[in-house]
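Structure, as structure tokens:
Residue numbers (UniProt numbering): 1 to 134.
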């Protein structure tokens, strides 16, 4: 399925066909709608805001701190919701690029050890310097 979407995008760009911007699409769709209809159309945005501002999970929204995710001196992310539905949406309006983004991130993470020599620093003789962890 991804190959079909990619081929379609390549064909449109090669032919010079323009895609409407997200803003112009939004304005065209919602310019003549009432507030209630616009809210129904964009309910995912509202739900995302409610989930991201849940005081049970994030008691102080305007402060960046790791304490809610530390239990007994160790990181514990069991209280945090899965961020993927929040970032990419859910239901019929879910972003179709989610799996494409997952693949790109996987490939980039796998490429870093292949391209770069990750290891301790070397001294003037080319021998590894022992790193002391504090």
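Glycine included, C-beta positions come from ideal geometry on N, C-alpha and C.
Report task. Would you identify the three-state DSSP class for residue 21, choosing helix, strand or coil? Result -> Annotation note: pLDDT 49 at residue 21 (below 50); position unreliable, coordinate value reported separately. In this structure, residue 21 counts as coil in the three-state DSSP scheme.
Query raised in the report: Quick one: what's residue 128 bridged to in DSSP?
Result: Bridge partners of residue 128: 122.
Query raised in the report: The alpha helix (DSSP H) spanning residue 159 covers which residue range?
Result: The question about residue 159 has no answer here: the residues shown for the chain are numbered 1 through 134.
**Report entry** 9 Å Cβ cutoff met for residue 77 and residue 69
**Finding:** Result yes, Cβ atoms of residue 77 and residue 69 sit closer than 9 Å.
Query raised in the report: Roughly how many whole angstroms lie between the Cα atoms of residue 132 and residue 121?
Result: Going by C-alpha positions, residue 132 is about 12 Å away from residue 121.
Report task. Report yes if the C-beta distance between residue 61 and residue 55 is below 9 Å; otherwise report no. Result -> Yes, these two residues count as a Cβ contact at 9 Å.
Query raised in the report: Which one of 114, 128 and 98 has the shortest CA to CA distance from residue 84?
Result: Taking each of 114, 128 and 98 in turn and checking the Cα distance to residue 84, the smallest one comes out for 98.
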